[in-house]
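If you're matching them up, the sequences are chains A and B in order.
The first sequence runs 6 to 158 under the working numbering.
The second sequence runs 15 to 762 under the working numbering.
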Amino acid sequence: MPTTFSVNGQKRTVEADPETPLLWVLRDELKLTGTKFGCGAALCGACTVHLDGEAVRSCQIQARDAAGREVTTIEGVKGDVTAAVLAAWIKLDVAQCGYCQPGQVMSAVGLLTQIQKPTDDDIDKAMDGNLCRCSTYHRIRAAIHDAAKTLAG
Amino acid sequence: MTVSNSQSQLTNMFALPSEAPAPAGVSSRRMFLKLSGGAGAGLIIGLAAPVPGLNGSAQAAAAAGAAGNLAPNPFLIVAPDNTVTVIIKHLDKGQGAATGLATLVAEELDADRAQIKTEFAPADAAKYKNLAFGVQGVGGSTGLANSYEQYRSAGAAAKAMIVAAAAKSWGVKASDITVSKGVVTAAGKSATFGELAVLAAAESIPDKPALKDPKDFVYIGKSFPRVDSEAKSNGTAKFTIDQQFDGMVMAVIARPPLFGATVKSFDAAAAEKIKGVVKVLQVPQGVAVLATSTWIAIKGRDALKVTWDDSKAEKRGSADIVTAYKALLDQPGAKARSDGDVEAGLKAADKIVTVDFEFPYLAHAPLEPMDCVIRYDGSTADIWTGSQMQTLDHGTACAVLGLKPEAIKLHTVWAGGSFGRRAIADCHFVREACDIAKAYGKPVPIKVMWTREDDIKGGYYRPIYVHRIKAGLDKAGAIIAWQHRIVGQSIMAGTPFEAVTVKDGIDSTSVEGAASLPYAIPNLRLELHTQKAGVPVLWWRSVGSTHTAHATEHMIDILAKEAGKDPVAFRLELLKDKPRHTGVLKLAAEKAGWGTPLPAGKLRGVAVHESFASYVANIAEVTLKDDGSFKVDRVVCAIDCGVAVNPDVIAAQMEGGIGFGLGAAMKSAITLKNGAVEQSNYDDYDVLRMSGMPDVDVHIVPSSAAPTGVGEPGTPVILPAVANALLSGTGMRTTVLPMSRQKYKGQV
Numbered sequence: 006m007p008t009t010f011s012v013n014g015q016k017r018t019v020e021a022d023p024e025t026p027l028l029w030v031l032r033d034e035l036k037l038t039g040t041k042f043g044c045g046a047a048l049c050g051a052c053t054v055h056l057d058g059e060a061v062r063s064c065q066i067q068a069r070d071a072a073g074r075e076v077t078t079i080e081g082v083k084g085d086v087t088a089a090v091l092a093a094w095i096k097l098d099v100a101q102c103g104y105c106q107p108g109q110v111m112s113a114v115g116l117l118t119q120i121q122k123p124t125d126d127d128i129d130k131a132m133d134g135n136l137c138r139c140s141t142y143h144r145i146r147a148a149i150h151d152a153a154k155t156l157a158g
Numbered sequence: 015m016t017v018s019n020s021q022s023q024l025t026n027m028f029a030l031p032s033e034a035p036a037p038a039g040v041s042s043r044r045m046f047l048k049l050s051g052g053a054g055a056g057l058i059i060g061l062a063a064p065v066p067g068l069n070g071s072a073q074a075a076a077a078a079g080a081a082g083n084l085a086p087n088p089f090l091i092v093a094p095d096n097t098v099t100v101i102i103k104h105l106d107k108g109q110g111a112a113t114g115l116a117t118l119v120a121e122e123l124d125a126d127r128a129q130i131k132t133e134f135a136p137a138d139a140a141k142y143k144n145l146a147f148g149v150q151g152v153g154g155s156t157g158l159a160n161s162y163e164q165y166r167s168a169g170a171a172a173k174a175m176i177v178a179a180a181a182k183s184w185g186v187k188a189s190d191i192t193v194s195k196g197v198v199t200a201a202g203k204s205a206t207f208g209e210l211a212v213l214a215a216a217e218s219i220p221d222k223p224a225l226k227d228p229k230d231f232v233y234i235g236k237s238f239p240r241v242d243s244e245a246k247s248n249g250t251a252k253f254t255i256d257q258q259f260d261g262m263v264m265a266v267i268a269r270p271p272l273f274g275a276t277v278k279s280f281d282a283a284a285a286e287k288i289k290g291v292v293k294v295l296q297v298p299q300g301v302a303v304l305a306t307s308t309w310i311a312i313k314g315r316d317a318l319k320v321t322w323d324d325s326k327a328e329k330r331g332s333a334d335i336v337t338a339y340k341a342l343l344d345q346p347g348a349k350a351r352s353d354g355d356v357e358a359g360l361k362a363a364d365k366i367v368t369v370d371f372e373f374p375y376l377a378h379a380p381l382e383p384m385d386c387v388i389r390y391d392g393s394t395a396d397i398w399t400g401s402q403m404q405t406l407d408h409g410t411a412c413a414v415l416g417l418k419p420e421a422i423k424l425h426t427v428w429a430g431g432s433f434g435r436r437a438i439a440d441c442h443f444v445r446e447a448c449d450i451a452k453a454y455g456k457p458v459p460i461k462v463m464w465t466r467e468d469d470i471k472g473g474y475y476r477p478i479y480v481h482r483i484k485a486g487l488d489k490a491g492a493i494i495a496w497q498h499r500i501v502g503q504s505i506m507a508g509t510p511f512e513a514v515t516v517k518d519g520i521d522s523t524s525v526e527g528a529a530s531l532p533y534a535i536p537n538l539r540l541e542l543h544t545q546k547a548g549v550p551v552l553w554w555r556s557v558g559s560t561h562t563a564h565a566t567e568h569m570i571d572i573l574a575k576e577a578g579k580d581p582v583a584f585r586l587e588l589l590k591d592k593p594r595h596t597g598v599l600k601l602a603a604e605k606a607g608w609g610t611p612l613p614a615g616k617l618r619g620v621a622v623h624e625s626f627a628s629y630v631a632n633i634a635e636v637t638l639k640d641d642g643s644f645k646v647d648r649v650v651c652a653i654d655c656g657v658a659v660n661p662d663v664i665a666a667q668m669e670g671g672i673g674f675g676l677g678a679a680m681k682s683a684i685t686l687k688n689g690a691v692e693q694s695n696y697d698d699y700d701v702l703r704m705s706g707m708p709d710v711d712v713h714i715v716p717s718s719a720a721p722t723g724v725g726e727p728g729t730p731v732i733l734p735a736v737a738n739a740l741l742s743g744t745g746m747r748t749t750v751l752p753m754s755r756q757k758y759k760g761q762v
């Protein structure tokens, strides 16, 4: 049974089994490969996307649960917060292997959308679900503070 | 230097020429030279695969041949559009190889940072071998060290040709021309590299272009931002998992539940009924399910009924293995180092301290699981993967598919972490992709994916090791005897590297870091018991130093405490003829304010260790909590890695190495019960997360020595530094890893 939802502002209909995790629909059907597979169990955050504006783990959302909703991936995320986050990530050379970083960026955009000036505790809470095996955490924290500063103007 | 270029399938060998210089920073995974018996000993490594030769149709070669390009060597292409493409011979799995090699070319070329692009080299050992290995591949923190002169020379050659072309064209002397940020100027004229590329390509290629005086460096030792930050942040960087082709099928493999088990029989009926499953195949690795999407392949695998033959499988638990190893600590092992007379030293000692250590199996768990994409049509193949040992991976594909080297193109792509996992002698994830493609027999692209569970349960772990150090102090508190025994599995045994890395029963990777103990101790002996287990093991970021650094550096603090001495002063006393250890130790101590008072509940610990020819000291500041847990707040890190080519990449590698080492130290262990791995994902194989990451403050010792590696040396020092902080505050020793196995309580 086809499922229809919006991805990055465009209506998309997919034929996948409605139980298929959104992650695999995005990657294998819609060829949006910025959203990564890391664990398949909501333990690593590499698959983080925004569902109706909220950061979620796409490996735990079944296609049918996305029906009629707005999915935003790293390919389509836009706006001032996104621009500030990406600029900070590049300025501080956060990435090492880079595999987790789209998920980190999606979580950071989610955090800064909710809390304009996050504390270190806020960052710990919002970002603890996003693993980075290269341990770029130190720079992710700095980049979130940097983006917050940019947004404060 | 040249690789023995015999293409004969009979020889199956790589030869390193006798004149091969040993670049600084070549150890352990720099195995190829270390045990070669010194300069002049011809080193032969037998490999089970044919030597691949030129990969004639590589995209780099094609681009180099294009009209108008200046491509005087295999390492760069200056195009008329004014781009400079640096061909990266090593895998970049996050350590910054692409940025590092680009920095070297840009420096000598005087290119502008913005015009630099990078591209991974094809598999071609003749052009792109690691000068420390003799084959194409990277590891052991050799990437930059072996390339330092090669890539600088490549840039310098192109610059000389551009300058010569400008001189001719403008009728000026070459010495009157200046080049800066990609612009060539003289006597009121100026041109870009792109404008001069065609003319420059006609100039003769200098044999030995002059290299810059380091005082004239504009990028090396200064700043050269990463080449991959933007693509990796915005999701456009393509990893193996991201390769997309029309008609591609996805494959996962049902793998044996015990190491060494094989398929006895299987029932694929239920799997084959699932819409989208296109094929179920038995392969040497297990049973492969091919499907139109990854999710369907995983569902298909879940529906398989496989009966395994476990008659030859490892059925011991990890506790059984530790018990067996510990029994050997009472017996002398093979001698790895012997100075003075350790028995006499122990006899003369005023106080003897004996400490045993236990280190668990550790998984690398890179965030991108193992994966490989293959397209094989019976006579040619393309393979896309994060290949860390291109020569071995390419050779394996040739052997499995029965094709000549020129029929297989190996495309190296960005890898989502490795930490040792992708540098693998048996090339198993390339091999299984070839096995599946061959068995399937259709010319469609196939992506073979490991799930996280496959990865955590899949072996290739840092081995279990147990240690005993028995040390004697004299009346003045000086160490006069040090007897160190290590028991563990050999990483090198059974690999093509065994012949040169295992000598007289000693696998150099089992004892590295202990064999090089820098302290002035008159009577010292290091022994090794090498044990066999049916669990596949592998180097894990910093290899032997993952355990030897902790055993030795924690023992030093235990002894300092027994002797009533300050740990930094105690070390400095024993390191009088070790200027580079002393240099990093003093720098870290000064920057951390060693000896200044700390707030209540806070503790400080120190450790210093050399690995891969780089010297690292850490001072960890730790908060001990009432419940016996602790938090590492801040780490001051000093490193001496010779010339600091890219200081920010060095800082990043220290930060990352510290986080990687700290997570494993605090939380990680793979355990086996009756041979079965008990962990399966990041919930039960716990690793460091944001909230556990300390502040890291990196200081680089200024140096003009040859550059050495930074990928590994940041990892091993943090564990003993944290353990030493806790020892100072609680008196508790950290002898069984991970640290989560005990609560730290006691005097503060």
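In this text, a Cβ means the ideal position worked out from N, Cα and C, and glycines have one as well.
Those residues which DSSP pairs with residue i across a bridge
i: W398(B); result: V387(B) and H425(B)
i: G538(B); result: For the record, residue 538(B) in the displayed sequence is Leu; it is not Gly. Note: L538(B) sits in a beta bridge opposite D353(B) and W496(B).
Buried or exposed (CB count within 10 angstroms, at least 16 for buried), residue i
i: D449(B); result: buried
i: S167(B); result: buried
i: E357(B); result: exposed
i: P666(B); result: In the sequence on display, residue 666(B) carries Ala and not Pro. So A666(B) ends up on the buried side.
i: Q109(B); result: buried
Test: residue i CB closer than 8 Å to a CB of chain A
i: K246(B); result: yes
i: Y475(B); result: no
i: N695(B); result: yes
i: P94(B); result: no
i: R466(B); result: yes
i: D124(B); result: no
i: P239(B); result: yes
i: F46(B); result: A caution first: F46(B) carries a pLDDT of 34, below 50, which makes its placement in the model too unreliable to give a value.
i: S243(B); result: yes
Inter-residue CB distance, residue i and residue j (contact presumed, cutoff 8 Å)
i: I102(B); j: L90(B); result: Between L90(B) and I102(B) the Cβ distance is about 10 Å, and since that is not below 8 Å, they are no contact.
i: P730(B); j: H623(B); result: 6 Å
i: T560(B); j: G519(B); result: Actually they do not touch by this definition, with Cβ atoms about 21 Å apart.
i: T8(B); j: G400(B); result: With chain B covering only 15 through 762, there is no way to say anything about residue 8(B).
i: I79(A); j: P107(A); result: 4 Å
DSSP-derived helix/strand/coil call for residue i
i: R144(A); result: helix
i: G431(B); result: coil
i: M264(B); result: strand
i: V369(B); result: strand
i: I450(B); result: helix
i: K246(B); result: helix
i: W94(A); result: helix
i: V514(B); result: helix
i: T99(B); result: strand
i: N144(B); result: coil
i: G728(B); result: coil
i: W184(B); result: helix
CB contact below 8 Å: residue i versus chain B
i: K154(A); result: no
i: L35(A); result: no
i: E20(A); result: no
i: G14(A); result: no
i: D98(A); result: yes
i: E80(A); result: yes
i: M6(A); result: no
i: I120(A); result: no
i: R62(A); result: no
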